[in-house]
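K.L.:
With UniProt numbering, letter number 17 in the sequence shown gets 17, and the count goes up by one each step, no holes.
From the three backbone atoms N, C-alpha and C, an ideal C-beta is built for every residue, glycine too.
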Amino acid sequence: MILNRENLSALSRTLKALVFEAKEGYTPLWPKLALEVQSNGRANYYAWMENMPTMRLWEGERQVQNLTAETFAIANADWEATFAVSRTDAEDDQMDLIRITALQYARRWAEHDDLLIADLLRKGFQQKGYDGRPFFGSHTVGKRTFQNASNAPLTREAFRQALSQMRQLTDARGYPLGFFLQKPIYLVVGPGLESTAYEIVGVPTLPSGGANPDYGKAEILVSPWLVEEYETYWFLVDGSQAIRPFVLQRRSRPEWVAKDDPETSDEVFKRNVFIYGVYERKAAGYLFWQLAYGSTGTGAGA
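1) Are V278 and A102 touching if we call contact CB-CB under 8 Å?
2) I'd like to check one pair, V201 with S223: are the Cβ atoms closer than 8 Å?
3) Rounded to whole angstroms, what's the CA-CA distance from R281 to F288? Just pull it up for me.
4) Give the DSSP-derived three-state secondary structure of W225 in the structure shown.
5) Skipping 5 residues on each side, what residues in its chain have a beta carbon closer than 7 Å to that of W30?
6) With DSSP collapsed to three states, give me the class of K143.
7) Go ahead and pull the three-state DSSP assignment for L29.
8) With three or more C-beta pairs closer than 8 Å as the rule, is the stretch 231-245 touching the stretch 170-186?
9) Who are the Cβ neighbours of L226 in its own chain at under 6 Å, not counting the five residues just before and after it?
10) By how many angstroms is the C-alpha of T296 removed from the C-alpha of K123?
11) When DSSP builds the beta bridges, which residues end up paired with G285?
12) If we ignore side chains and look at the alpha-carbon of each, how far apart do E199 and L206 end up?
13) In angstroms, rounded to a whole number, what distance separates the CA positions of G41 and R251?
14) With C-beta atoms as the reference, is Y286 less than 8 Å away from L163?
15) To the nearest whole angstrom, what separates the beta carbons of L291 and F146, a pair I think is in contact under 8 Å?
16) G294: buried (16+ other C-beta within 10 angstroms of its C-beta) or exposed?
17) Pull up the distance between the alpha-carbon of A300 and that of A152, whole angstroms please.
18) With a CB to CB cut of under 6 Å and the five nearest residues on each side skipped, what residues in its chain are close to Y230?
19) Along the beta strand (DSSP E) that carries T101, what are the first and last residues, could you check?
20) Rounded to whole angstroms, what's the CA-CA distance from K143 to L169? Just pull it up for me.
21) Give the straight-line distance between the Cα atoms of V141 and L15, rounded to the nearest whole angstrom.
22) Got a sec: is the Cβ-Cβ distance from S208 to anything in chain C below 8 Å?
23) Rounded to whole angstroms, what's the CA-CA distance from L35 to L221? Just pull it up for me.
24) Determine the extent of the beta strand (DSSP E) in which A77 is found, giving its start and end residues.
25) Regarding A162 and the ligand PLP, is the C-beta to nearest heavy atom distance less than 7 Å?
26) Give a yes or no on whether the C-beta atoms belonging to S88 and L154 are separated by under 8 Å.
27) Assign G129 to one of two classes, buried (16 or more other C-beta atoms within 10 Å of its C-beta) or exposed (fewer than that).
28) Do A43 and A73 count as a contact pair if the criterion is CB distance below 8 Å?
29) Under 8 Å between the Cβ atoms of F274 and V19?
Okay, here's the thing in structure tokens:
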């Protein structure tokens with residue numbers, strides 16, 4: 001390929017189309033776990049109501065039930081992903097090699113939103129939610145204290161106990177939240193626990209025979225980021241509500257950037273490569289702990 005401006009512009013357009021189309025072809029996990037919102041500034045401010053409004057017999061004046069709120073902010077961050085194409089590869093028309101590089105890059109970019117939510121899961125036992133407590137941990141609501149965390153290994157009994165705990169949550173008035181009663185409920189595990197999860201909720205019969213009473217109670221989501229020190233971690237998420245335990249907020253649409261002009265690009269001059277990449281502003285954070293349960297799986301029996 002002759003490396004003139006026309007041909008380099010055409011290469012950039014081709015790579016952009018390839019990368020964006022490949023990203024759109026990826027099926028992410030995060031929409032099942034997180035709420036997507038648009039952001040219009042440096043940060044989004046969320047006001048979470050202590051009590052959800054409920055229906056009541058209308059006697060006298062209306063009563064506004066959701067005045068008490070917790071306010072917290074999630075700041076946007078700048079994110080970039082960049083890859084290089086060798087000038088000699090472009091000059092020698094090595095388009096198959098260039099295409100493979102671009103597709104692999106697109107895959108990593110597409111996975112990034114999933115990684116952001118996976119990080120919230122993995123770090124939720126230390127990082128704090130809107131109430132100032134670790135997202136997975138002990139939470140005071142009114143006069144009661146609830147737990148949405150444990151260290152129990154994933155077993156049938158631990159799965160049932162987790163569901164039972166989350167179904168008993170109330171607001172500060174003692175009004176039942178009614179979470180984890182409708183489908184879908186997601187059982188999030190890493191590859192190492194996939195078969196265990198499948199035995200609990202994925203097969204209609206028990207290994208010993210007879211019907212499996214837990215069959216279909218949760219949909220299994222396998223996260224590739226729950227490995228190594230996180231291999232024993234497992235989570236339950238109520239996906240039946242209009243809200244989610246996590247949020248993915250977007251400040252700007254992804255922008256394509258090309259540094260491929262031999263006359264002006266330092267990268268071409270110094271390293272003999274053309275640079276391409278995307279830039280976007282976004283953030284992920286914690287919303288409602290009552291919609292998620294987490295275990296490190298490191299307790300007795302692990």
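P.N.:
From the atom records:
1) In the sequence shown, counting from the first residue as 1, residue 278 sits at position 278. In the sequence shown, counting from the first residue as 1, residue 102 sits at position 102. It is not a contact, given that the beta carbons lie outside the stated cut-off.
2) As a first step, residue 223 is located in the sequence shown; it is residue number 223 there, counting from the start. As a first step, residue 201 is located in the sequence shown; it is residue number 201 there, counting from the start. Not in contact: S223 and V201 (Cβ atoms no closer than 8 Å).
3) As a working note, residue 281 is residue 281 in the sequence shown. As a working note, residue 288 is residue 288 in the sequence shown. So the alpha carbons of these two residues sit roughly 23 Å apart.
4) In the sequence shown, residue 225 corresponds to position 225, counting from 1. In this structure, W225 counts as coil in the three-state DSSP scheme.
5) Along the sequence shown, read from residue 1 onward, the residue named residue 30 stands at position 30. So the qualifying residues of the chain are D113, D114, I117, L248.
6) As a first step, residue 143 must be located in the sequence shown, where it is residue number 143. Looking at K143 - three-state DSSP - the assignment turns out to be coil, as it is neither helix nor strand.
7) Residue 29 sits at position 29 when you count from the first residue of the sequence shown. Three-state DSSP puts L29 in coil, outside helix and strand.
8) yes
9) Counting from one through the sequence shown, the residue named residue 226 turns up at place 226. Within the same chain, L226 has close Cβ partners G190, Y233.
10) By 1-based counting over the sequence shown, the position of residue 123 is 123. By 1-based counting over the sequence shown, the position of residue 296 is 296. Cα to Cα, K123 sits roughly 10 Å from T296.
11) Locating residue 285 in the sequence shown gives position 285, counting from the first residue. Its beta-bridge partners are V247.
12) Your numbering for residue 199 matches position 199 in the sequence shown. Your numbering for residue 206 matches position 206 in the sequence shown. Straight-line Cα distance between these residues: approximately 8 Å.
13) Along the sequence shown, one-based indexing puts residue 41 at 41. Along the sequence shown, one-based indexing puts residue 251 at 251. Between G41 and R251, the C-alpha separation is close to 7 Å.
14) Locating residue 286 in the sequence shown gives position 286, where the first residue counts as 1. Locating residue 163 in the sequence shown gives position 163, where the first residue counts as 1. Taking 8 Å as the Cβ cut-off, Y286 and L163 do not qualify as a contacting pair.
15) As a position in the sequence shown, residue 291 is number 291, starting the count at 1. As a position in the sequence shown, residue 146 is number 146, starting the count at 1. Contact flag wrong, Cβ pair sits at about 12 Å.
16) On the sequence shown, residue 294 is found 294 positions in, with the first residue counted as 1. By the neighbour-count rule (16 or more Cβ atoms within 10 Å), G294 is buried.
17) Against the sequence shown, residue 300 aligns to sequence position 300. Against the sequence shown, residue 152 aligns to sequence position 152. Those two C-alpha atoms are separated by around 7 Å.
18) Position 230 of the sequence shown, counted from the start, is the residue given in the question as residue 230. Within the same chain, Y230 has close Cβ partners R122.
19) In the sequence shown, residue 101 corresponds to position 101, counting from 1. No beta strand (DSSP E) contains T101, which is instead part of the alpha helix (DSSP H) from 95-123.
20) For this step, residue 143 is matched to residue 143 along the sequence shown. For this step, residue 169 is matched to residue 169 along the sequence shown. Taking the straight line from one Cα to the other gives about 12 Å.
21) Working through the sequence shown from its first residue, we reach residue 141 at position 141. Working through the sequence shown from its first residue, we reach residue 15 at position 15. Looking at the two C-alpha atoms, the distance is approximately 52 Å.
22) Protein chain content of the structure displayed is limited to a single chain, and chain C is not contained in it.
23) Looking up residue 35 in the sequence shown gives position 35. Looking up residue 221 in the sequence shown gives position 221. For L35 and L221, the distance between alpha carbons rounds to 17 Å.
24) The residue labelled residue 77 in the question sits at position 77 within the sequence shown. Counting along the chain, the beta strand (DSSP E) containing A77 begins and ends at 77-86.
25) As for the ligand PLP, it is missing from this structure, which has no ligand bound.
26) Translated into the one-based positions of the sequence shown, residue 88 becomes position 88. Translated into the one-based positions of the sequence shown, residue 154 becomes position 154. The residue asked about is misnamed: residue 88 is Thr in this sequence, not Ser. No, Cβ-Cβ distance for T88 and L154 is not below 8 Å.
27) Working through the sequence shown from its first residue, we reach residue 129 at position 129. Buried: at least 16 other Cβ atoms inside 10 Å.
28) For the purposes of this step, residue 73 is taken as the residue at position 73 of the sequence shown. For the purposes of this step, residue 43 is taken as the residue at position 43 of the sequence shown. Result yes, Cβ atoms of A73 and A43 sit closer than 8 Å.
29) Residue numbering aside, residue 274 sits at position 274 when the sequence shown is read from its first letter. Residue numbering aside, residue 19 sits at position 19 when the sequence shown is read from its first letter. Taking 8 Å as the Cβ cut-off, F274 and V19 do not qualify as a contacting pair.
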